[in-house]
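Note that this note's numbering has the sequence shown beginning at 38, numbered continuously upward.
Glycine included, each C-beta is placed from N, C-alpha and C at the ideal position.
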Amino acid sequence: MRLALAAFVIGGSVVAAISGGYRINLTPSEPLGLWRIVALERPAAAGDLVFICPPQTPAMRIARERGYIRFGTCPGGVAPLIKTIIAVAGQHVEIGAGVSVDGRPIAFSDVAPRDGNDRPLTPFAGGVVPDESVFLHSPFKGSYDSRYFGPLPALSVLGLAQQVLTYAP
38 MRLALAAFVI GGSVVAAISG GYRINLTPSE PLGLWRIVAL ERPAAAGDLV FICPPQTPAM
98 RIARERGYIR FGTCPGGVAP LIKTIIAVAG QHVEIGAGVS VDGRPIAFSD VAPRDGNDRP
158 LTPFAGGVVP DESVFLHSPF KGSYDSRYFG PLPALSVLGL AQQVLTYAP
């Protein structure tokens, strides 16, 4: 009986936290810990740190199979990503050894030829970010972001990512 009650309380707490916009980040792309999704009441802009649901594309299916993306509440059963928007519609992104936006190099944007398990990574070809799209980045060297999967629909942005109780190892 106590075990059932404990499971009910914990389950209810998790549901309440998720419905209240709280998420736990367990990935190294951003500090570990408790985050909150804050409503974005304007168009997403370069510099915004956001939660975004990745679309169900072949690149995202491979990412899930390889363990780059965790299970979660987004379509396709994946967790939302926490990334910084570094380019929006109309901006030009170049991918070489690193990423440049409108000719300006982005810090900590080295492109890796292989992942941590020595599997090949294919970088995005670069180009102009399409209408109603955003280009995402994380300063974490092993991050799976737009360097590899390209721009994502701006409508997939859930909101701004706000740290609540986090720890950067």
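The criterion of a C-beta distance shorter than 8 Å is not satisfied by Ala-162 and Asp-147.
Ser-175 sits in coil when the DSSP states are folded into three classes, being neither helix nor strand. Listed in chain order, the non-local C-beta contacts of Gly-113 below 6 Å within the same chain comprise Gln-93, local neighbours out to five positions each way being set aside. Three or more beta-carbon pairs drawn from the stretch 65 to 72 and the stretch 176 to 186 are found closer than 8 Å, and the two stretches are therefore classed as touching. Gly-70 is a Cβ neighbour of Leu-202, given a cutoff of 8 Å. Within the model, the alpha-carbon separation for Val-171 versus Ile-123 is close to 8 Å. Annotation: Val-87 to Thr-110 spans about 16 Å, alpha carbon to alpha carbon. The stretch 74 to 104 contains, as complete beta strand (DSSP E) runs of 3+ residues, the segments 86 to 89 (chain order). In terms of CA proximity to Arg-151, Thr-159 leads the group Ala-205, Ala-144, Thr-159. Distances from the alpha-carbon of Pro-142 to those of His-174, Arg-107, Pro-188, Asp-155 put His-174 closest. Using a 10 angstroms sphere on the CB of Leu-118, the tally of other CB atoms reaches 16 or more, which defines it as buried.
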